[in-house]
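Asks:
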Amino acid sequence: MNAGGLPRTQGEGTRAVRRADGGGLRAYLRGVSIVIISMLASARHLSYNRRTMRIFWPSPLPLALLAGAALFSGVGPAAARAEQTAAPAPPPATLTAAQMSGAVSIDAMSVPTPGELFAALGKQIKPNWSAAYRGPLTAAYSDRAQLALNLGGLVADGYVAVEAQDSQQVKNLGKDILKLASSLGVSKEILERGKRITDFAEQNDWNGLREELEATQNEVKQAMEAKRDDELITLVSLGGWIRGTQVVSDAVLKNFTPQTASVLRQPAVVAFLRAKLDKLPARLQDEPLIKKLSAQLADIEKLVSFPLGGTASKEDVQKLNQQTTAMVNDIVTKI
Amino acid sequence: MNNGSLSSRSRRLLRHSTTFLCCAVFAVAAIPSAPLAQAAEDTSGETDARVDALELAGALSNDGYKIRDGHWSGTFKAGDAPVLAVNLYAGNQYYFSLAATDKAKKVAVTVFDENGKLLAGELISRDNERPLAAAGVAPEASGPYYVRVQLLEGQPADFCLICTYK
């Protein structure tokens, strides 16, 4: 693989190069300046023999200053060049606990898309993706939190249709997404995206569709941010994650192996979503639907937090599927 | 051995030279030792970095990688090592593509597992003007991972990190 002709190296880590900050050169200049000043300071004590044309240093002090300046200057120009070309120290090969706990988590990168999860699952089994379809949403939601949750769920449905390579289903879902976005007041921003989804579906450009679905979701989130509806952004991600996990847990249950089940391991994602829910405004946290989802997420976190190298048992996968199915039903039932 | 003293004219000349050189020394000492102060960058820097990161990620998409729409942008300086928490799935292959604005000269991106251990993988880099770096990994276990970005050489600069997967 050659990404734009860039040089590549195999193996661990990257070589670090010590930055050239000119420190050596400045030290040299300081040293020279000190030498000159010490010479001039003692110049009044210099004597010049006109006959022999020799200069005499009458005191050891200037010589001491000279010697000190030479030591103080540290590196001369040759040493400064050597510093810049010296072998660089490699960066640390591990992260400390402090660095890991201080790591940034952001919605756009720390929450994986359903497409990533489906891609990982698809490498192990061939799920019947069309069996995971659900009927169109018929309710006219008025609650904005519920709208946001369902919007996320519809985007996840789009990924399911892409996996099934069903262009008609993708187009149908594109229209449903646009309808919900309209209810949220952000349809203008994603009108163009809706057209692109239809175009990609007609061209059977499945990779393009996966990127377009995420871009549509992100555009909705940006529009929400612009309208100061930031709290809804978390709910869009949550709705998509719940629906995606429901689909995958069902597929794993029907094709259970320990290796297949291990794909469900995502403790940090659930922890991130729970933390985001805890930061929602009080009026949203008090909504019965949000309270219920929050409590259910706490149970789910235990089910997807098995140790590294381990896997979920079939019973746990079944519980996970039941839990996420119940959550999806709560989300689609009009408040 | 003293054989007479300098003339008064020479002493005046010496005095003036000393004053001049003292000023020169203070000027040299006033040069900041390291460019640690973060320059105020406008968002166009982050946009430029994102364009470059997308270009690098786009080259990878020729091999079947899908580009995630989200990105992580910010400003870093030498000595910083910002870390991003992500969730990766076993079976998938990922590339994390990093770009920085032209005040940076060399950048690096590395991926670590949940125990902080470096994940071996493929590394790509381009130094000097608008440097780029990418790290390709194929995790063996699903779960949390950490992506570290670094400015190895250059002045504080804007950066952008993009993820691709297949």
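Here the protein sequences come in this chain order: A and B.
Going by our numbering, the first residue of the first sequence is number 244, and it counts up by one from there.
Going by our numbering, the first residue of the second sequence is number 413, and it counts up by one from there.
Just so you know, even glycine gets a beta-carbon here, dropped at the ideal spot from N, CA and C.
Note that the coordinates shown come from a computational prediction; the quantities given were computed from them, not determined experimentally.
(1) Tell me where the beta strand (DSSP E) around serine 509/B begins and ends.
(2) Could you tell me the distance, in whole angstroms, from the CA atom of alanine 546/B to the CA atom of arginine 526/A?
(3) Taking the CB atoms as reference points, tell me whether arginine 508/A and alanine 555/A lie closer together than 9 Å.
(4) To be precise: take each residue of the region 525-548 of chain B, compare its Cβ to all Cβ atoms of chain A, and keep it if any distance is under 9 Å. Which residues remain?
(5) Between histidine 483/B and glutamate 455/A, what straight-line distance do the alpha-carbon atoms span, to the nearest angstrom?
(6) So which residues of chain B does threonine 381/A contact, with C-beta pairs closer than 8 Å?
(7) Can you give the Cα-Cα distance for lysine 534/A and threonine 568/A, rounded to whole angstroms?
(8) Confirm, please, whether the CB-CB distance from glycine 396/A to valine 575/A is below 9 Å.
(9) Have a look at proline 551/B and leucine 496/B and give me their C-alpha separation to the nearest angstrom.
(10) Secondary structure at phenylalanine 499/A, three-state DSSP: helix, strand or coil?
(11) From alanine 407/A to valine 513/A, what does the alpha carbon distance come to, in whole angstroms?
(12) For alanine 321/A, is the classification buried or exposed, using 16 other Cβ atoms within 10 angstroms of its Cβ as the cut-off for buried?
(13) Counting only Cβ pairs nearer than 9 Å, list the residues of chain B close to leucine 551/A.
(14) Using a threshold of 9 Å, state whether the C-beta atoms of arginine 542/B and aspartate 464/B are closer than that.
(15) Applying the 10 Å Cβ sphere with the 16-neighbour rule, what's the burial state of arginine 293/A?
(16) Look at the Cβ atom of leucine 510/B, then the Cβ atom of cysteine 572/B, and state whether they are nearer than 9 Å.
(17) Cutting at 7 Å between CB atoms, please list the residues of its own chain near methionine 244/A, excluding the five before and the five after it.
(18) With 9 Å as the limit, tell me which residues of the region 355-387 of chain A have their beta carbon closer than that to any beta carbon of chain B; keep them in chain order.
(19) How about tyrosine 506/B and alanine 346/A: do their beta carbons lie closer than 9 Å?
(20) Use the C-beta contact count for isoleucine 536/B: other C-beta atoms within 10 angstroms, 16 or more gives buried, fewer gives exposed.
(21) Using a Cβ-Cβ distance cut-off of 9 Å, determine whether glutamine 446/A contacts chain B.
(22) What are the partner residues of alanine 545/B, as DSSP defines its beta bridges?
(23) Assign lysine 518/B to buried or exposed, taking buried as 16 or more other Cβ atoms, counted over all protein chains shown, within 10 Å of its Cβ.
(24) Using the beta-carbon count (16 or more within 10 Å), is aspartate 525/B buried or exposed?
(25) Can glycine 483/A and proline 379/A be called in contact, C-beta distance under 9 Å?
(26) Please return the same chain residues whose Cβ sits closer than 8 Å to the Cβ of alanine 442/B, not counting the five positions on each side in sequence.
(27) Quick one: Cα of tyrosine 376/A to Cα of glutamate 468/A, how far?
(28) Shorter than 9 Å from the beta carbon of isoleucine 543/A to some beta carbon of chain B?
(29) Taking the beta carbon of asparagine 393/A as the centre, do at least 16 other beta carbons fall within 10 Å, making it buried, or is it exposed?
(30) For alanine 404/A, collect the residues of the same chain with a Cβ closer than 7 Å to its Cβ; drop the 5 residues on either side in sequence, then sort them by chain order.
(31) Leaving aside the five residues before and after serine 445/B along the sequence, list all residues of the same chain whose C-beta is less than 7 Å from its C-beta, in chain order.
(32) Give the interface partners of serine 410/A over in chain B, defined as CB-CB distance under 9 Å, in chain order.
(33) In its own chain, which residues sit with a C-beta less than 7 Å from the C-beta of asparagine 572/A, not counting the 5 before and 5 after it?
(34) Can you list, in chain order, the residues of its chain with a C-beta nearer than 8 Å to that of valine 354/A? Leave out the 5 residues immediately preceding and following it.
(35) Kindly list the residues whose CB is nearer than 6 Å to the CB of threonine 513/B, restricted to its own chain and excluding five residues on each side of it in sequence; keep chain order.
Replies: If we stick to the structure as given:
(1) The residue labelled residue 509/B in the question sits at position 97 within the second sequence. Per DSSP, serine 509/B belongs to the beta strand (DSSP E) from 506-512.
(2) As a first step, residue 546/B must be located in the second sequence, where it is residue number 134. As a first step, residue 526/A must be located in the first sequence, where it is residue number 283. Roughly 43 Å separates the two Cα atoms.
(3) The sequence position of residue 508/A within the first sequence is 265, counting from 1. The sequence position of residue 555/A within the first sequence is 312, counting from 1. Yes, they are a contact pair.
(4) Asp525, Glu526, Asn527, Gly528, Lys529, Leu530, Leu531, Ala532, Gly533, Glu534, Leu535, Ile536, Ser537, Arg538, Asp539, Leu544, Ala545, Ala546, Ala547 and Gly548
(5) Looking up residue 483/B in the second sequence gives position 71. Looking up residue 455/A in the first sequence gives position 212. Near 15 Å, if we compare the C-alpha coordinates of glutamate 455/A and histidine 483/B.
(6) Position 138 of the first sequence, counted from the first residue, corresponds to residue 381/A. The premise fails here: threonine 381/A is roughly 29 Å from chain B at the closest Cβ pair, so nothing lies under 8 Å.
(7) Reading the first sequence from its first residue, position 291 is the one you call residue 534/A. Reading the first sequence from its first residue, position 325 is the one you call residue 568/A. Computed Cα separation, rounded: 17 Å.
(8) Reading the first sequence from its first residue, position 332 is the one you call residue 575/A. Reading the first sequence from its first residue, position 153 is the one you call residue 396/A. Going by C-beta atoms, valine 575/A is nearer than 9 Å to glycine 396/A.
(9) Within the second sequence, the letter at position 139 stands for residue 551/B. Within the second sequence, the letter at position 84 stands for residue 496/B. Approximately 16 Å, taken between the alpha carbons.
(10) As a working note, residue 499/A is residue 256 in the first sequence. Phenylalanine 499/A falls in the coil class under three-state DSSP.
(11) Looking up residue 407/A in the first sequence gives position 164. Looking up residue 513/A in the first sequence gives position 270. Between alanine 407/A and valine 513/A, the C-alpha separation is close to 27 Å.
(12) Taking the first residue of the first sequence as position 1, residue 321/A is located at position 78. Interpretation of alanine 321/A is limited by its pLDDT of 45, a score under 50 that renders its predicted location unreliable; the figure taken from the coordinates is listed afterwards. Classification of alanine 321/A: exposed, given that the 10 Å Cβ count is below 16.
(13) Your numbering for residue 551/A matches position 308 in the first sequence. Chain B residues near leucine 551/A: Asp525, Glu526, Asn527, Ala553 and Gly555.
(14) In the second sequence, the residue the question calls residue 542/B occupies position 130. In the second sequence, the residue the question calls residue 464/B occupies position 52. Against a cut-off of 9 Å, the Cβ pair of aspartate 464/B and arginine 542/B comes out as a contact.
(15) On the first sequence, position 50 is the one that residue 293/A refers to. Here arginine 293/A scores only 49 on pLDDT, less than 50, and its place in the model should not be relied on; the value that follows carries that caveat. Under this definition arginine 293/A is an exposed residue.
(16) Against the second sequence, residue 510/B aligns to sequence position 98. Against the second sequence, residue 572/B aligns to sequence position 160. Going by C-beta atoms, leucine 510/B is nearer than 9 Å to cysteine 572/B.
(17) Here residue 244/A is taken as the residue at index 1 of the first sequence, counted from 1. Any reading at methionine 244/A is ruled out, since the residue's pLDDT is 37, under 50, leaving its predicted position unreliable.
(18) Pro355, Thr356, Gly358, Glu359, Leu360, Ala362, Ala363, Leu364, Gly365, Lys366 and Gln367
(19) Residue mapping note: residue 506/B aligns to position 94 of the second sequence, counting from 1. Residue mapping note: residue 346/A aligns to position 103 of the first sequence, counting from 1. Result no, Cβ atoms of tyrosine 506/B and alanine 346/A do not sit closer than 9 Å.
(20) Within the second sequence, numbered from 1, the residue matching residue 536/B stands at position 124. Buried, because 16 or more other Cβ atoms sit within 10 Å of the Cβ of isoleucine 536/B.
(21) On the first sequence, residue 446/A is found 203 positions in, with the first residue counted as 1. So no, glutamine 446/A is outside the interface.
(22) Within the second sequence, numbered from 1, the residue matching residue 545/B stands at position 133. Alanine 545/B pairs with Leu510/B and Ser537/B.
(23) In the second sequence, counting from the first residue as 1, residue 518/B sits at position 106. Buried is the call here.
(24) Mapped onto the second sequence, residue 525/B falls at position 113. When all chains shown are included, aspartate 525/B counts as buried.
(25) As a first step, residue 483/A is located in the first sequence; it is residue number 240 there, counting from the start. As a first step, residue 379/A is located in the first sequence; it is residue number 136 there, counting from the start. No, these two residues do not count as a Cβ contact at 9 Å.
(26) Against the second sequence, residue 442/B aligns to sequence position 30. At alanine 442/B, the pLDDT of 47 sits below 50, so the modelled position is not reliable and the matter cannot be decided from this model.
(27) For the purposes of this step, residue 376/A is taken as the residue at position 133 of the first sequence. For the purposes of this step, residue 468/A is taken as the residue at position 225 of the first sequence. Each residue's Cα considered, the two are about 30 Å apart.
(28) Indexing the first sequence from 1 puts residue 543/A at position 300. It does not: the Cβ of isoleucine 543/A has no partner Cβ on chain B nearer than 9 Å.
(29) Reading the first sequence from its first residue, position 150 is the one you call residue 393/A. Counting Cβ neighbours within 10 Å, asparagine 393/A comes out buried, since at least 16 surround it.
(30) One-based indexing of the first sequence puts residue 404/A at position 161. Here the set comprises Gln412, Val413 and Leu416.
(31) Here residue 445/B corresponds to residue number 33 of the second sequence, with the count starting at 1. With a pLDDT of only 40 at serine 445/B, under the threshold of 50, the placement of this residue in the model should not be trusted, and no figure is reported.
(32) On the first sequence, position 167 is the one that residue 410/A refers to. By Cβ distance, chain B contributes nothing, its closest Cβ being about 18 Å from serine 410/A, past 9 Å.
(33) If you number the first sequence from 1, residue 572/A lands on position 329. Hits under 7 Å: none found.
(34) Position 111 of the first sequence, counting from 1, holds the residue named residue 354/A. Counting only Cβ-Cβ distances below 8 Å, and skipping sequence neighbours, we find Ser480, Trp484, Val512, Phe515 and Leu516.
(35) Walking along the second sequence from the start, residue 513/B turns up at place 101. Answer for threonine 513/B: Gly457, Asp460, Ala461, Ala569 and Asp570, listed in chain order.
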